[in-house]
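Down below is the structure, laid out as structure tokens.
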Amino acid sequence: ASYRTVYAFAREMHPKTVKHDIHYGTAGFRTKASNLGYIMYRMGLLAVLRSRYKQGVIGIMITASHNPECDNGVKLIDPHGEMMEQSWEELATKLANVQDDELEATIKEIVQKYSIDMTVRVNILIGKDTRPSSPSLAKSVVDGVLALSGKPIDFGIVTTPQMHYFVKCRNTHNEYGIGTEEGYYTKLVSAFKRLRGDKFNNKNYVNKILYDGANGVGARKIKYFKERLGDCLEIELHNDAGIGTGKLNHLCGADYVKSQQLFPTGVPNIPNQRCVSVDGDADRIVYYYNDENNKFHLLDGDRIATLIAEYLKELVLACGIDLNLGLIQTAYANGASTDYITKTLKVPVACVSTGVKHLHHKALEYDIGVYFEANGHGTVIFSKNAKDKLNEAAKDNKLSEEQQQSAEKLLALIDVINETVGDAISDMLLVETILNAKGWNIQQWEQTYTDLPNKLLKVTVQDRNLLTTKDAERMCVTPEGLQEEIGLIVEKYNKGRSFVRPSGTEDIVRIYAEAATHEESEKLAAEVAQKVY
Ligand code: NG1
Ligand code: ZN
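For reference, each letter of the sequence shown is one residue, going 3 to 535 in UniProt numbering.
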């Protein structure tokens, strides 16, 4: 009987409105919000199937992250709090594109293929960002969940990383943390306070930060942190415009700051003042400041990753436990950061394809896996082995006091970190903890290495899928001859490096170039772009 409901609902309330196929990409489905009603409904259906199959709680996040306010999107979250497994992305694409009258048959196919028991009672957690289109899209998701007799649990407006956290908590019987907003704030803030102790300021570190909320959910949620952090860390909030003002991500936010390499609007320009920007769903963060000559300085995801890796390595050494630490980057990582990590920090670096799921997956191979995309999306994950050993060490009276304390510090750091996915606010608390521990201002952090000037371009092509790549997207395979041409161009530049790849989230090809000087990096990017058309 429930299959009948599926079709009736679809036909009457959520009919397919778009003719062309749309794909579940690196960030789920993402397009103009007005085209997404039926997709949301169908993702509600899919979540119930996935939940019954995995016998666990599944999450659905409605957001288009850093994209313009008129866009929206949806992605599914697996029981461990990770992005939905890749094999099911194809099912998502299929279910999204069939005709309304093929929905029931498609569902039956999935049920049969995966031997899904359709009588299992399941909970689906639903969260959304601040976009004006999100409430009605959330209703469509709820209808999808109900059509297959699942139980929707609405978390209202939350950040993407909060959703990942809730899902993980609910699937681990609150062992990871309490699966509520309050539980989330309490876990992160109490660990942060434990690490900071009563030394709010330390040497050159001043406990004040300007925070650009991108006029989105990151602005809303930081208020809960502010209340709880008190004098421990002063967060001055900017870009907190209300819902529907059209200002979301506009001339501000982490994506704007990183891709334009510009100071955002709406944040006061105070020389040498440490600032951060988060993106529209608060899973990315970048640091920056303007110096006394009004020159802009960006400290991006690579910078955050190196700071974290260095500090964790120090602590692991100090507690004398044998844990392997690795750092995972993508081809977009600045060459200078890779050099610094491998040669100076002597931490092994792996390079994987763009998309957080690839980084996360690779990071699981280490006891401590630090992963960041240059754009500021990343986190740290700790293996069970690492956690067990640290818990033992913290209690082991045969160890020196310093060793025990280092283990305790690492355990507290684990609690500041949202291990499920990149989390702008959690990452900020982690960076602030490290800067405080080192007694560093932002300039000292920046001095660890010098970024190579770089340029990111995008070009629109007829069919971006004609471009295929290998070697973690650093080389292109087709069109034939393109890689050789790029190679010849790159050779002409001092410290030149360039690669092209089709975007997984937009209908464009991206071109990245870095070289010894700013002018050269721009010229190199432009020359390579010429070859892509
Ligand atoms: P695409 O559009 O595939 O380049 C972009 C980002 C990714 C990732 C995803 C998901 C760049 C160059 N690419 O992917 O790093 O964050 O969006 O949001 O920043
Ligand atoms: Zn985002």
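All C-beta atoms in this analysis are idealised placements derived from N, C-alpha and C, irrespective of residue type, glycine included.
From a predicted model like this one, the values you see are computed outputs, not experimental measurements.
Outcome for residue i when other beta-carbon atoms lying within 10 angstroms are tallied against a minimum of 16
| i | result |
| --- | --- |
| residue 139 | buried |
| residue 3 | Below a pLDDT of 50, predicted positions are generally treated as unreliable, and residue 3, at 44, falls in that range; the measurement from the model is reported next regardless. So residue 3 ends up on the exposed side. |
| residue 22 | exposed |
| residue 260 | buried |
| residue 411 | buried |
| residue 479 | exposed |
| residue 511 | buried |
| residue 535 | exposed |
| residue 274 | exposed |
| residue 520 | exposed |
| residue 435 | buried |
| residue 71 | buried |
| residue 331 | buried |
| residue 117 | exposed |
| residue 272 | exposed |
| residue 387 | exposed |
| residue 341 | exposed |
DSSP three-state assignment for residue i, whether helix, strand or coil
| i | result |
| --- | --- |
| residue 125 | strand |
| residue 3 | Summary for residue 3: the model assigns pLDDT 44, below 50, so the residue's position carries little reliability; its value from the coordinates is reported in the next sentence. Looking at residue 3 - three-state DSSP - the assignment turns out to be coil, as it is neither helix nor strand. |
| residue 210 | strand |
| residue 486 | helix |
| residue 24 | coil |
| residue 292 | strand |
| residue 299 | strand |
| residue 530 | helix |
| residue 505 | coil |
| residue 30 | strand |
| residue 472 | strand |
| residue 135 | coil |
| residue 110 | helix |
| residue 494 | coil |
| residue 18 | coil |
Element boundaries [alpha helix (DSSP H), containing residue i]
| i | result |
| --- | --- |
| residue 457 | Segment 456-461 is the beta strand (DSSP E) holding residue 457; no alpha helix (DSSP H) there. |
| residue 162 | 162-173 |
| residue 446 | 444-448 |
Cutoff 6 Å; reference residue i; Cβ partners in own chain excluding five residues on either side
| i | result |
| --- | --- |
| residue 217 | 241, 243, 249, 250 |
| residue 487 | 533 |
| residue 12 | 102, 105 |
| residue 462 | 510 |
| residue 355 | 474, 475 |
Endpoints, beta strand (DSSP E) assigned at residue i
| i | result |
| --- | --- |
| residue 117 | Note, residue 117: premise wrong, no beta strand (DSSP E); not H, not E. |
| residue 512 | 511-516 |
| residue 156 | 153-159 |
| residue 477 | 477-480 |
Nonlocal neighbours in the same chain, by C-beta distance under 8 Å from residue i, ignoring five residues either side
| i | result |
| --- | --- |
| residue 155 | 125, 126, 127, 128 |
| residue 529 | 491 |
Residues of its chain near residue i, where Cβ-Cβ distance is below 7 Å and the 5 sequence neighbours each way are ignored
| i | result |
| --- | --- |
| residue 213 | 224, 237, 238, 239, 240, 278 |
| residue 309 | 433, 436, 447 |
| residue 7 | 149 |
| residue 54 | 118, 119, 120, 122, 124 |
Uninterrupted beta strand (DSSP E) stretches inside the UniProt domain "Phosphoacetylglucosamine mutase AMG1" (302-442) (no shorter than 3 residues) = 327-332, 351-354, 370-374, 380-384
Fully enclosed by the segment 41-92, which alpha helix (DSSP H) runs are 4 residues long or longer?
-> none
Length-filtered (4 minimum) alpha helix (DSSP H) runs lying within the UniProt domain "Phosphoacetylglucosamine mutase AMG1" (180-288) = 183-198, 219-231, 255-262
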